[in-house]
Structure formats: structure tokens, C-alpha cells
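With positions in the sequence shown counted from 1, the corresponding number in our numbering is that position plus 742.
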Amino acid sequence: MIVSIFVIINYKGTQMTVTKRNRKSITFAWQFAGFFLYLFTVAVALVGLVYLVWSFVLMIQRFYVVPFQNIMILEFILNLTTLLIEFLGVFYTAILLNHMASTCMNPPILTEEKAIIENYPTVSILIPIRHPEYEILRETLVSISEVDYPKEKLTVFLGDDTEKEHESYLKTVELAHHYNVQHIHDPSNIHFKAGMLNVVLKHVTSEFFILLDYDHKIEPKIITKSVKLLMNNSQLAFVQPKVNFRLVKSKLQVWESVMYAQFYEVFQRSKTKHSTVLTNGSTACYRKSYVDEIGGIPFDTFTEDVDISVKLLAKGYQTELVDEYGSFGLIPANFSLLLSQILRWAKGSMQVLRLRWKKIMSAKMPFIHRIDLLFSASLFFIASSVYLNLVFYVIMYFTNSSVVRLPMSVFPPLLIMPIAFAVSYQLSGIIAVIFARRSGITNLKLFDLVYFLILALVLNPFTVYAVFKSIFKRKIPSRDRDEWNEKVPYFILSFIISILGGGLVTISVFDILNNGFTGSFWLILGLLGLTMLATFPVCIFFHFSTKHNKPYFVKEFNT
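See below:
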């Protein structure tokens, strides 16, 4: 394993002269790492299963022997609830490791082969906008004008719901005229991005269409490569090129850039083996007839990209990854906007889970792929469940309820499982960064992963806020009552999170002083409490270090 990692880390990317011999060595190294990860996946799943089953048996034995009283009933309910939530953690870790193993067993093979199409079909590019910044939109339209797809076969639509009184409206009309794109204006749209896309779709007559975020500069060859894949397989509903960011200047932005690399280089590269790729919303190329079949772009969640993926896959259609970077967007440059964006994803993910879980479980695909799709829709819920469990643990502490689990002295999963989760998350980041660098994303460094993991742990509690808001708010997103990027009261929330983290650390210290380390799982909760304790100072730091930034770094446009 050490030799394998050494070979992989010294895989310098596009600068390396790839000969047939070293290509085989690199492939073997990745496959060896993948085989090891498969073994690790099995080990973690077995250890987790033994721990869960054995702990459940111990619970039954305890409550069977001891006569039931009110406090015993509460203790049993709390133990059972926390054990079920721990099952989600085991499930998440095993799925994550399996995706990593699958990706490593099939490493990317870069080729310079040019995609050739004999009879080019018509393609539309749909760009939804609202109050766009002139220079950002102009750069996107310039990038479209430079693609290698025949211009007479390409139609660009700007779907605009900006008010006519807004300062950006006339500038947008000017750009549309200058670059010969169709400007579809509908200020009455209330269903945000998805609603505007549905308005534009009524004007689209092409066989295929691409959804492009207005800040994404598209790569010249990606349209031809995407269309060719769709033409070669009539079961494909869409293909999704990889996406990342440009002008990444801060560690906060690096964090989101690594998140995107994980999404594509680990999860989606693994999913494409089974044609179950999810789209992230930008640069995906769709077959219009299949989108029409499901009623257009879903507008009843904040994440129409995940929602349309689920609905198309549930219908039995296939989806694939284009293993090249198709566009590079801009990333929020201030902490407030970045946090609002991520929490919008969390709210949308919960909405998809709540609305589509039955459709997922009855989807026309193998059962294991349905489980994986359910996992993808549940990521934010699973992450939040860790903190939900803390509530039950604290109740158990103050009601003197015993935590009935397999003793650490007999079997140490209480320590192994959180470590396995942390290691797997960091390993997925390593794989993502190496693969991304191999594809030319040189702004990502392996050293950034330490910072990435710490930041992810510290800021993860905010997802609880978004998840719980989504659980109790069931109305369709509407501009009449909702904000696309909702302002998050992160000062108050982070202060509360840090206070709770300090309480967990205090409880953990007292429990260890009273009972020692043996059999104490408060040690684990104490470590989690430390990450929560750091949330407030981290938020303060990023607030003051980014509050003067514009929403996006656009320096290259002004030079």
C-alpha cells in the first residue's frame, strides 16, 4: 500500500510524459489501492455490523433481565434511537469507501482523441440569469463563441427574470444583441432558476440542450464530446462533464473547490460505471424529449439538479460522466454568501429526499443502485444526524441512563468507526485532488486537505439548521416568500454551537474522571465537542477576513 501511494502521489499530472510502461505502473498502483480499499470497506462494514448487532443483543438482555420502569423505558428508547442513528454512520462510511475503491479500480485514462460527428444535431444552451454582473456574463458568452461546435447548429438562450427597472437589464439586452443570443424575459417567474428554465424550454426545438450557469466559462471541445455520447446511446438522458472553479484565491474557496473535486472525481466517476451519474446543475447536456417526459425541470425543490437526476434515473434512463472538465465557474468570495449557498444545497437535498424517496425505492434499476441513489439524496441528513444523536446522548447523561453498547475493552468499534469515517473522508479528498490535478486543476494541493477536513468538521453543524428548516417547511420554493441565498444568522448559530461543544467537552472530562477511559464513549463525543467549540471563532475569523470582498473575485475581467 505504501509503494502504491508513493507511485500515485508522484503522478505529476499533465506535465508528466506518459509512456506505455509508466501508464501501466500507474494503473496498477491505482488498482492495488482500489483492492486495498475494497478490503477496508468489507472490514469496516463487518466491524460495524458486529458492533450494531452485538450492542442490540446487549440492550435486549439488559432490559429483559431488569424489570421495566418508566426510567428503563426511556433508557431503552434512547439506546435504540442512538443505535439506529449510528447505523447511518456505518452505512455512510461503507458507501463512501466503496465509491473510493470503485474509482481507484478504474483510474482515468487521458487521451487527445478528438470527438468527430458526421451530422451535427442542433443544440441549445440555456443560461438562467437574474441581476447578472455585466463582465461575468460577457466572459461566458465569449467562451461560448469560441467552442468548436458548428455555430449554425447552436442556439443560445438567456432566460432572464430581472425587473426592467434594474440597472442590469438594459446591459443584458445589449449583450444579447451583440452576441446574437435569444433573450427570453419573464419577470413574473416566481420559481427561481428552475421556473425560468421551464419558460425558456418552451422556445427550444433542438434535440439536445445544455444548462449553463451564467458565471461558467465553457471549454471549447466539451459540447461536441457531450453530444457524441448522447448520440451513441439512446438510453442516455444526460451526460455531465466535470466542473470546477477559476480564480480560487482563499482557503475558504479551496474548501468548496475540493468538495466539487470529491463530487466528480470520486462519487460520479464511480457512479458512471453503472450509468447513475447525478448532475450538479451546470454544463450538463440533456436529451430534451426525456426531460419533457418528466414534465420539464422540477421546480419544487431548491436543488433542481439533484431532483431532475432522481426523476430521470427513476424512469429507467441512464446518465454518464464526461471525464473531462467542461466549464469553470466563479466561487463565492465572502463567508456569508458561501455559507448561504451550501445551506441552500442542504435544504434542497432534504426536499428531494422527502418528496422522492418512494420514487427512488421503486426506481427501474437494481436494488443496490437504488440504495446508492437514496444515499446520495441523504448526505446532508446523515451528516446532521450525528448532531441529532448528541441531543439523545446528553439526555442519557442527565437522566443517568446507561449507554448499553459493546464494551470497548472487548471490541473497540466506538474508536474505530469515527476514525474510519475521518480517514475515509480524507482519503476521498486525496484521491479527488490527485485526479483533479491530473486533469489540470493545479490550484488544488494535497496539503490543503488538512485545512479542508478541519473546516468541514467545524462548519458541518450548520447543516442541521438547514435540514430542520426543510423538515418543517413543505411549501414549494417561491420568490414570494423565499430567498435563493437565504441569509444565515451565523453569529448566533455559531455561538450556540460553540457553547454546546464546550458543554460536551465538559461532560466528557467529568465522565472520564469518574469512569476512566475504558468503556467510555464520551471520549469520542468530547472530540466532536472540540470541533463544535471551534465553530464560533472560525466564523468570526472568516467574517472579518472576507466581509470586504465582493460576492465573487472577478479580477481577471478588470485587468
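The beta-carbon is built from N, C-alpha and C at its ideal position, and this holds for glycine as well.
Predicted model, so just to flag it, every value in this text is computed and none were measured.
**OP:** Inspect the beta-carbon positions of M1274 and I1249 and report whether they are closer than 8 Å.
**Re:** Contact flag unset, no.
**OP:** Using DSSP bridges, identify the partner residues of S1170.
**Re:** Looking at the DSSP assignment, S1170 forms no beta bridge with any residue, so it has no partner.
Original post:
Is there contact between the region 786-804 and the region 1110-1123, where contact requires at least three CB pairs shorter than 8 Å?
Top reply: no
Original post:
Just the Cα atoms here: how many angstroms apart are K704 and K893?
Top reply: A question about residue 704 goes unanswered here, because the residues of the chain that appear run from 743 up to 1301.
Original post:
Among V1048, Q1168, P849, which has the Cα closest to the Cα of S767?
Top reply: P849
Original post:
Which first and last residues belong to the beta strand (DSSP E) in which F980 is found?
Top reply: 978-987
Original post:
Starting from E877 and walking both ways along the alpha helix (DSSP H), at which residues does that stretch end?
Top reply: 876-887
Original post:
Once you ignore the five residues that flank L1169 on each side, which residues in its own chain have a CB closer than 7 Å to its CB?
Top reply: M842
Subject >> Cβ shell of L1267 (< 8 Å), same chain only, five flanking positions each side left out >> reply: L1132, Y1135, L1246, I1249, S1250
**OP:** Classify L1063 as buried or exposed, calling it buried when 16 or more other Cβ atoms lie within 10 Å of its own Cβ.
**Re:** Looking at its Cβ environment, which holds 16 or more other Cβ atoms inside 10 Å, L1063 is buried.
**OP:** Measure the alpha-carbon distance for V749 versus T769 and round it to whole angstroms.
**Re:** In this predicted model, V749 has a pLDDT of only 48, less than 50, meaning its place in the structure is not dependable; the value taken from the coordinates is given anyway. Computed Cα separation, rounded: 10 Å.
Original post:
How many Å lie between M1223 and F833 at the Cα?
Top reply: Looking at the sequence provided, one finds Arg at residue 1223 rather than Met. The straight-line gap from Cα to Cα measures roughly 37 Å.
**OP:** Specify whether the region 1070-1087 and the region 1278-1290 touch according to this definition: at least 3 beta carbon pairs, one from each stretch, less than 8 Å apart.
**Re:** Taking a contact to require three or more Cβ pairs closer than 8 Å, the region 1070-1087 and the region 1278-1290 qualify as touching.
**OP:** Specify the secondary structure class of G1068 as computed by DSSP and reduced to three states.
**Re:** Under the three-state reduction of DSSP output, G1068 falls in the strand class.
Subject >> Cβ separation of W1099 and L1116, assumed to be a contact under 8 Å, to the nearest whole Å >> reply: 7 Å
Original post:
Should L803 be labelled buried (16 or more other beta-carbon atoms within 10 Å of its own) or exposed?
Top reply: Per the sequence presented here, residue 803 reads as Gln, with Leu not at that position. With fewer than 16 Cβ atoms within 10 Å of its Cβ, Q803 is classed as exposed.
**OP:** Return the chain-ordered list of same chain residues with a C-beta closer than 7 Å to the C-beta of L1055, the five sequence neighbours on each side being excluded.
**Re:** T1018, T1061, A1105, M1107, L1115
Original post:
Are the beta-carbon atoms belonging to S866 and S976 less than 8 Å from one another?
Top reply: Their beta carbons are not under 8 Å apart, which means S866 does not touch S976 by this criterion.
Subject >> Among L978, L994, F1070, M1103, the one whose alpha carbon lies nearest that of I1196 >> reply: The candidate whose alpha carbon is nearest that of I1196 is L994.
**OP:** Starting from D1114, follow the alpha helix (DSSP H) in both directions and report where the run begins and ends.
**Re:** Per DSSP, D1114 is one residue of the alpha helix (DSSP H) stretching across 1109-1119.
Original post:
Just the Cα atoms here: how many angstroms apart are E705 and Y956?
Top reply: Lying outside 743 to 1301, the shown extent of the chain, residue 705 is not represented and no answer is given.
**OP:** Report all residues from its chain with a CB closer than 7 Å to the CB of L839; omit the five preceding and five following residues, and keep chain order.
**Re:** L779, F782, T783, V786, S1166
Subject >> Burial state of I858, where buried means 16 or more other Cβ atoms lie within 10 Å >> reply: exposed
Original post:
What three-state label does DSSP hand D955 in the structure shown?
Top reply: coil
Original post:
If you draw a straight line from the alpha carbon of F1286 to that of S1051, how long is it in whole angstroms?
Top reply: 38 Å
Original post:
What three-state label does DSSP hand I869 in the structure shown?
Top reply: strand
Original post:
If you draw a straight line from the alpha carbon of C846 to that of D1253, how long is it in whole angstroms?
Top reply: 42 Å
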